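These protein sequence lines are chains W and A, in that order.
The working numbering puts the first sequence at residues 31 to 320.
The working numbering puts the second sequence at residues 31 to 320.
Glycine is no exception: its CB is placed at the ideal position from the N, C-alpha and C atoms.
The structure presented is a predicted model; accordingly, all values stated were derived computationally and were not measured.
Take a look at the structure set out below.
Number of protein chains: 2
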Amino acid sequence: MSDLSPNELRVLVAVAEEQSFTRAGARLGMTQSAVSHAVRGSERKLGAVLFERGRQGARATDAGLRASTQARHILRLLDSMGSETRGAAERTVTGTVRIAAFRSAAAGLLPEVLDRLAALHPGLHPQVSIVRDVGRGSAGEVLDANADLGITTVPPTSTVPDGLIFNRLYEERYLLAAPAKAADPRRLPLLDWSENCSSYTRRWWTEQDWLPERRIMVEDDSVVLSMVAAGIGMAVMPHLTLAAPPEGVSVTDLGSTAPTRHLGYVTTPALARTLPVRALIRELRAAHAR
Amino acid sequence: MSDLSPNELRVLVAVAEEQSFTRAGARLGMTQSAVSHAVRGSERKLGAVLFERGRQGARATDAGLRASTQARHILRLLDSMGSETRGAAERTVTGTVRIAAFRSAAAGLLPEVLDRLAALHPGLHPQVSIVRDVGRGSAGEVLDANADLGITTVPPTSTVPDGLIFNRLYEERYLLAAPAKAADPRRLPLLDWSENCSSYTRRWWTEQDWLPERRIMVEDDSVVLSMVAAGIGMAVMPHLTLAAPPEGVSVTDLGSTAPTRHLGYVTTPALARTLPVRALIRELRAAHAR
DNA sequence: CGGCTTCCATGAGCACCGCTCATGCAAGCG
DNA sequence: CGCTTGCATGAGCGGTGCTCATGGAAGCCG
């Protein structure tokens with residue numbers, strides 16, 4: 031009987047996040063003493079020191095970090111059990127599903143998906159968080175148990191972190207976005223943004239017989255778009271970003287050799303079996319089919 | 031407090047598999063009565079009937095089937111927590127960590143750190159990007175999510191951008207770099223470079239009884255170094271830049287009043303809780319201790 | 001240096017939870 | 001009908017996990 035009770039899990043998470051026994055206790059509505067006892071008990075059960083106690087509170091050790099992340103995962107599953115089982119009985123999908131997505135997916139893809147989802151499952155409450163699609167991206171959110179499903183562009187396949195499952199949704203083309211008024215958009219500077227994963231478009235550029243004269247780095251893809259609308263330059267952007275181009279932006283297909291990227295989702299095996307996540311995945315796939 | 035205890039989860043799994051309260055109890059080493067109580071409690075907590083009781087035992091309902099599946103997942107995670115956390119120390123950290131550093135840190139400090147990191151965590155892939163330590167510097171890279179951790183010199187403390195955490199690594203002395211052949215290096219022009227944060231050395235200069243006759247601004251600290259080697263001038267440079275001085279450069283300590291700068295790192299609170307970043311920070315600290 | 005504050009640790013005491021035990025009840029079966 | 005085989009239920013009890021009170025270590029500050 032060496033596994034931790036839900037309360038102990040909650041304590042671990044709270045302490046890891048608050049970096050203090052006292053604050054964690056306050057947050058959970060229990061005394062500092064109870065937290066201390068609980069942590070001590072958890073450490074004994076797990077056989078590792080989970081927090082370094084010091085003058086300024088408690089910092090998670092590596093073991094503590096792992097444990098608290100795992101604890102978040104477990105608590106999430108425990109939390110979903112109620113709606114999950116009730117849903118099975120009543121044939122409804124209820125509860126919460128937390129989605130992490132990068133900005134353009136959230137703007138271009140999710141509204142439709144969430145509309146359908148809301149229509150089909152009134153009791154399901156999706157939560158969307160925006161994550162920059164760089165670094166660990168949305169997969170990191172899923173790994174840390176901050177999200178149930180992440181929308182992501184295809185990572186180098188070697189990089190799919192263990193413990194996650196990844197599936198492709200569809201392939202997405204890049205298009206040319208230029209000011210509608212521009213006579214020869216190719217003479218305009220190219221607007222690029224940091225999130226634009228180089229490998230997708232860079233390779234394509236090397237095969238082109240024209241190159242932009244200037245390149246302007248911009249913070250964000252939405253800024254790129256409004257700059258295009260203002261006539262400042264042109265850009266090669268994924269279809270999703272251009273789903274609803276603003277006034278004054280003309281979008282041109284780049285032909286069959288256009289650069290593409292793959293869109294997909296990540297989640298955990300356990301979450302992939304839950305009703306809300308399954309319903310969401312179904313709608314993500316359906317959205318593309320239409 | 032509506033989530034199930036590990037014991038209740040075990041009971042659900044056992045009953046679902048044994049299709050009998052009595053046998054489930056026997057398997058778990060408890061009485062049939064306890065099983066009955068536990069199942070009843072679970073059903074109340076989840077708000078659904080999990081088993082159909084009948085003459086020939088208990089059959090899981092749809093809800094019960096789903097609950098017991100979920101329970102198996104959770105128990106598996108709980109079970110793995112022990113080994114997972116115990117092994118945290120020896121376990122290899124995997125993933126990617128993106129480091130932004132200014133040139134001399136990348137050249138003088140990182141090789142050693144990355145060597146150690148590679149030895150300890152073969153599955154961890156560090157990526158280094160060189161950033162000029164002016165303007166927002168490496169903190170900007172972290173802010174823009176282009177890097178997970180930035181090596182930086184101490185900013186004016188008021189300037190730590192919110193959302194970032196900054197920590198000092200160590201204090202670094204400035205040294206005098208002069209051509210080895212120079213009879214009196216103090217007569218040579220002072221080579222300065224734009225990245226050289228004025229405040230560190232300017233104050234020191236005001237306290238000196240000698241002043242350089244001329245001052246030459248150079249693009250970059252590496253250029254400064256090769257110009258010193260060529261006998262063009264002398265320079266006051268941080269220790270890191272002079273870690274491996276080229277032929278013909280003699281390095282002199284400036285004594286206890288030497289100007290210093292503080293080296294540190296910036297990252298975000300969320301990233302600071304991830305294992306790759308923590309492993310990196312640990313090695314950064316260890317590198318100095320040696 | 002000594003009081004003060006701010007952390008966490010620890011022991012005693014108590015309440016409640018979850019177990020067992022004993023028993024009840026329903027349904028099939030000779 | 002008893003008898004068997006299943007689950008349900010209430011009483012009672014022990015251990016777990018909480019609070020309360022207190023202790024100890026470590027910075028901080030005049």
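For the beta strand (DSSP E) that residue i lies in, which residues bound it at each end?
{"i": "Arg245 of chain W", "result": "245-248"}
{"i": "Arg323 of chain A", "result": "Summary: the structure shown does not reach residue 323 of chain A, with chain A confined to residues 31 through 320, and so no result is reported for it."}
{"i": "Leu206 of chain W", "result": "195-209"}
{"i": "Gly55 of chain W", "result": "Run containing Gly55 of chain W: none in the beta strand (DSSP E); it sits in the alpha helix (DSSP H), 51-58."}
{"i": "Met267 of chain A", "result": "265-268"}
{"i": "Leu272 of chain W", "result": "Looking at the DSSP string, Leu272 of chain W is not in any beta strand (DSSP E), and its letter there is neither H nor E."}
{"i": "Arg83 of chain W", "result": "81-84"}
{"i": "Leu221 of chain W", "result": "220-223"}
{"i": "Thr182 of chain A", "result": "179-183"}
Candidates the options: which alpha carbon is nearest residue i's?
{"i": "Val123 of chain W", "options": "W:Ile311, W:Pro306, W:Gly167, W:Leu310", "result": "W:Pro306"}
{"i": "Leu39 of chain W", "options": "W:Ala101, W:Ser63, W:Thr52", "result": "W:Ala101"}
{"i": "Leu105 of chain A", "options": "W:Ala177, W:Ala300, W:His318", "result": "W:Ala300"}
{"i": "Leu206 of chain A", "options": "A:Ala177, A:Arg198, A:Gly263", "result": "A:Gly263"}
{"i": "Thr282 of chain W", "options": "W:Val296, W:Met267, W:His292, W:Tyr295", "result": "W:Met267"}
{"i": "Gly294 of chain W", "options": "W:Phe51, W:Pro141, W:Ala135", "result": "W:Ala135"}
{"i": "Gly112 of chain W", "options": "A:Asp222, A:Arg128, A:Arg315, A:Leu76", "result": "A:Leu76"}
{"i": "Gly84 of chain W", "options": "W:Ala288, W:Thr52, W:Leu150", "result": "W:Thr52"}
{"i": "Trp223 of chain A", "options": "A:Asp250, A:Leu310, A:Ala208, A:Arg216", "result": "A:Asp250"}
{"i": "Gly87 of chain A", "options": "A:Gly153, A:Leu34, A:Ala46", "result": "A:Ala46"}
{"i": "Arg12 of chain W", "options": "W:Pro141, W:Gly153, W:Leu179", "result": "What is shown of chain W runs 31 to 320, which leaves residue 12 of chain W out entirely."}
{"i": "Glu277 of chain A", "options": "A:Thr297, A:Ile311, A:Thr287, A:Leu255", "result": "A:Leu255"}
{"i": "Val65 of chain A", "options": "A:Ser50, A:Arg74, A:Arg216", "result": "A:Ser50"}
{"i": "Ser32 of chain W", "options": "A:Gly125, A:Leu108, A:Val161", "result": "A:Leu108"}
{"i": "Thr61 of chain W", "options": "W:Arg74, W:Val41, W:Glu73, W:Ser72", "result": "W:Val41"}
{"i": "Leu199 of chain A", "options": "A:Leu314, A:Ala68, A:Ser72", "result": "A:Leu314"}
{"i": "Met247 of chain W", "options": "A:Ile311, A:Asp174, A:Val248, A:Val127", "result": "A:Asp174"}
{"i": "Ala78 of chain A", "options": "A:Ala68, A:Asn176, A:Thr91", "result": "A:Thr91"}
{"i": "Val279 of chain A", "options": "A:Ala265, A:Asn37, A:Gly285", "result": "A:Ala265"}
Quick one: Cα of residue i to Cα of residue j, how far?
{"i": "Lys211 of chain A", "j": "Gly170 of chain A", "result": "41 Å"}
{"i": "Pro219 of chain A", "j": "Gln157 of chain A", "result": "38 Å"}
{"i": "Arg89 of chain W", "j": "Glu48 of chain W", "result": "9 Å"}
{"i": "Ala241 of chain W", "j": "Thr290 of chain W", "result": "Sequence inspection shows Leu at residue 241 of chain W; the Ala mentioned does not correspond to that position. Each residue's alpha carbon lies about 19 Å from the other."}
{"i": "Ala317 of chain A", "j": "Glu201 of chain A", "result": "13 Å"}
{"i": "Gly59 of chain W", "j": "Gly94 of chain W", "result": "22 Å"}
{"i": "Gln238 of chain W", "j": "Asp214 of chain W", "result": "16 Å"}
{"i": "Ala302 of chain W", "j": "Leu139 of chain W", "result": "20 Å"}
{"i": "Leu221 of chain A", "j": "Tyr204 of chain A", "result": "14 Å"}
{"i": "Ala288 of chain A", "j": "Ser252 of chain A", "result": "21 Å"}
{"i": "Leu310 of chain W", "j": "Ala137 of chain A", "result": "48 Å"}
{"i": "Ser159 of chain A", "j": "Ile160 of chain W", "result": "25 Å"}
Can you say whether residue i is buried or exposed, counting buried as having 16 or more other CB atoms within 10 angstroms of its CB?
{"i": "Ala44 of chain W", "result": "buried"}
{"i": "Ile181 of chain A", "result": "buried"}
{"i": "Thr183 of chain A", "result": "buried"}
{"i": "Leu260 of chain A", "result": "Residue identity check: residue 260 of chain A is Ala in the sequence provided, not Leu. Classification for Ala260 of chain A: exposed."}
{"i": "Asn197 of chain W", "result": "exposed"}
{"i": "Thr99 of chain W", "result": "buried"}
{"i": "Ile129 of chain W", "result": "buried"}
{"i": "Arg321 of chain W", "result": "Outside the displayed span of chain W (31 to 320) sits residue 321 of chain W, for which this structure offers no information."}
{"i": "Leu150 of chain W", "result": "exposed"}
{"i": "Pro209 of chain A", "result": "buried"}
{"i": "Met257 of chain W", "result": "buried"}
{"i": "Thr304 of chain W", "result": "buried"}
{"i": "Leu80 of chain W", "result": "buried"}
{"i": "Arg70 of chain W", "result": "exposed"}
{"i": "Pro141 of chain A", "result": "exposed"}
Output the boundary residues of the alpha helix (DSSP H) element that contains residue i.
{"i": "Asn37 of chain W", "result": "36-48"}
{"i": "Ile104 of chain A", "result": "92-116"}
{"i": "Met257 of chain A", "result": "251-259"}
{"i": "Ser280 of chain W", "result": "It is not in any alpha helix (DSSP H) - Ser280 of chain W instead sits in the beta strand (DSSP E) that spans 279-283."}
{"i": "Val127 of chain W", "result": "Run containing Val127 of chain W: none in the alpha helix (DSSP H); it sits in the beta strand (DSSP E), 125-131."}
{"i": "Arg74 of chain A", "result": "62-76"}
{"i": "Leu301 of chain A", "result": "299-302"}
{"i": "Ala149 of chain W", "result": "140-150"}
Inset, instruction - Inspect the CB distances between the region 265-284 of chain W and the region 111-118 of chain W and report whether three or more fall short of 8 Å. - result: no
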